[in-house]
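Participant: So for the sequence shown, the UniProt record's numbering puts the first residue at 1; every next one is plus one. Just so you know, even glycine gets a beta-carbon here, dropped at the ideal spot from N, CA and C. To start, I am sharing the structure in question, which I have written as structure tokens.
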Amino acid sequence: MIKFKKFIFYQITDRSKVDSLKSKKNLTSENFLFEYDYIVCKIFEQPKLDNLNKVRDPIILEGVREWCSIRENIWYNIYRINYKYIHILSLIFIKNFSTHLLFHWQLLLISMSTLSRSIADGAEFVGRLNITFRIVHNISHGGYGAVYEVTSSRDDGRYALKLEQRQYTRDHYKLMMEVQVLREAGERPENARKHFPTLIDNSDPMPNHMFLVMSLLGRSLADIKRGRQHKIFSPSTGYYCAIQSLEAIRDLHDLGYVHRDIKPGNFVIGLPRTQFQNIVYMVDFGIARKFIGADGRIRNPRDRTKFKGTVRFASLSMHEGNEVGRKDDCESWIYMIIDLIDQERLPWHNVEDKRRLRKLKAEALKAPRSLFKREEEDDLRGIITYLQSLHYVDIVDYSWMREMVKRVAKRLGCTLQEPYDWQLTPTTTST
């Protein structure tokens, strides 16, 4: 069994309860998995600030930062409990804005585990279908979890296992949405699901983690592009990817979802040396949103929404806090095309300030020639103008947009055929 990071909240009325809390644990039991736990608690008076670097584990540190960042006007003290010697060591103080009069102490107990580092090769997971998946190696690792290549007890195939750690800054797993989207996509006809990974199995949401297993895919467009000499695709490959990704966006919208994070990193190619190596797949549906209600009608837009996605590729409506719809995924897709073929054309490609970036996008949408300057790209400017005429509820004419891309590619002498750029450079697996 894999041991995962564990977060437990306690409401403590006074300091003496800390000793009571410790005594409730069987400290000599072999079932107690970890030598150290971390406690984060509110305190009454302003403490002396200490150095955050004293928390050595980057995953622990990130979790603490996130947890503290959502609670204003509070000071926090982080303690480490050494259960071997039953001793509390004060580690660090965190200031968050200002002192605040508190009526109770709130303790957050964070137990370290193997997940905060890397799960060992050979570790096993069992999903809802009672299939055992064995870790072969780590593909990628981030603050919220990791992706592993795995084998299956059911067959000789290799798959990708996506593991998400529980984040107590939110009340759900992003993988729940991902499973929902992939399950619905898998029920569609073959031609309507070809741009989606196949969902193989998944776990139920558990207190500390959730995972899904899906088809193993190749590298992302972002990774392939970074490996190119000039960090961009050739025009033929770029416009081929534009068409493939537009088809994926269309198919997702037909399911009733908007992706809300369209970017090169969320599109991957199939495994090399297979019949799927030149198919572009859409991945990472964790922040997707269902825009079609149970009654089959479009959900009413919310008055105000939080920013979701990636700043460089987000639509202007997302920056403005408006509900995003199908047109907004397509606006992000336009920015993605530019990033693939000539990222310096994006006026904000080196801009990080959200306000400045929002202003630049508004200006660019009013003057599409600033994004597509060549005469051969007139039809792409036409797509921008068309998208600007749409509203949240409007259906997008994907077929027309696809034809516009093909017309531009033809004028530029692009064949849209093999070999593609990833066939000219070494390719490794990823998701």
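Rounded to a whole number of angstroms, what is the C-alpha to C-alpha distance between Asp394 and Leu129?
Facilitator: Each residue's Cα considered, the two are about 40 angstroms apart.
Participant: Can you tell me whether Phe307 is buried or exposed, with buried defined as 16 or more other CB within 10 angstroms of its CB?
Facilitator: Exposed is the call here.
Participant: Is His319 helix, strand or coil by DSSP?
Facilitator: Note: His319 maps to helix in three-state DSSP.
Participant: Can you tell which of Asp171, Leu387 and Tyr386 has the C-alpha that lies nearest to the C-alpha of Phe207?
Facilitator: Residue identity check: residue 207 is Pro in the sequence provided, not Phe. It is Asp171.
Participant: Per DSSP, Ile292 is paired with what?
Facilitator: Note: Ile292 sits in a beta bridge opposite Ile298.
Participant: Verify whether the separation of the beta carbon atoms of Phe291 and Gly256 is less than 8 angstroms.
Facilitator: The answer is yes: Cβ separation under 8 angstroms.
Participant: So the beta strand (DSSP E) Gln277 belongs to, where does it begin and stop?
Facilitator: Element bounds for Gln277: n/a, residue is neither H nor E.
Participant: Can you tell which of Asp353, Pro347, Cys330 and Met336 has its C-alpha closest to the C-alpha of Ser389?
Facilitator: Measuring from the Cα of Ser389, the nearest candidate turns out to be Cys330.
Participant: In this structure, does DSSP put Val181 in helix, strand or coil?
Facilitator: Of the three classes helix, strand and coil, the one that applies to Val181 here is helix, per DSSP.
Participant: When DSSP builds the beta bridges, which residues end up paired with Ile269?
Facilitator: Answer by DSSP bridge pairing, in chain order: Val280.
Participant: Figure out for me which residue from Gln275, Leu360, Ile262 and Trp400 has the closest Cα to the Cα of residue 436.
Facilitator: Nothing about residue 436 can be read from this structure; the chain reaches only from 1 to 431.
Participant: Just checking, does the segment 371-389 make contact with the segment 197-211 on the three C-beta pairs under 8 angstroms criterion?
Facilitator: Flag = no, the segment 371-389 and the segment 197-211 do not touch.
Participant: Looking only at its own chain, which residues have a Cβ that is under 6 angstroms from the Cβ of Thr132, when we skip the five neighbours before and after it?
Facilitator: Excluding positions up to five away in sequence, the list reads Glu124, Val126 and Ser153.
Participant: Measure the alpha-carbon distance for Phe34 versus Gly186 and round it to whole angstroms.
Facilitator: In this prediction, Phe34 scores a pLDDT of 32, lower than 50, which makes its location untrustworthy; no coordinate-derived value is stated.
Participant: For Asn266, count neighbouring Cβ atoms within 10 angstroms of its own Cβ and tell me buried if that reaches 16, exposed if not.
Facilitator: Buried.
Participant: Here's a check: name, in chain order, each residue in its chain whose Cβ is nearer than 6 angstroms to the Cβ of Met210, leaving out the five neighbours to either side.
Facilitator: Correct list, in chain order: Glu164, Tyr173, Leu175 and Ser203.
Participant: Measuring CB to CB, does Arg219 end up less than 8 angstroms from Val268?
Facilitator: Yes, these two residues count as a Cβ contact at 8 angstroms.
Participant: Go ahead and pull the three-state DSSP assignment for Leu129.
Facilitator: Looking at Leu129 - three-state DSSP - the assignment turns out to be coil, as it is neither helix nor strand.
Participant: Could you pull out every residue in the same chain whose Cβ sits closer than 7 angstroms to the Cβ of Thr415, ignoring the five residues on either side in sequence?
Facilitator: Here the set comprises Ser236.
Participant: How about Trp348 and Leu340: are their beta carbons less than 8 angstroms apart?
Facilitator: Cβ atoms of Trp348 and Leu340: not closer than 8 angstroms.
Participant: Check whether the Cβ atoms of Leu217 and Cys241 sit closer than 8 angstroms, and answer yes or no.
Facilitator: No, these two residues do not count as a Cβ contact at 8 angstroms.
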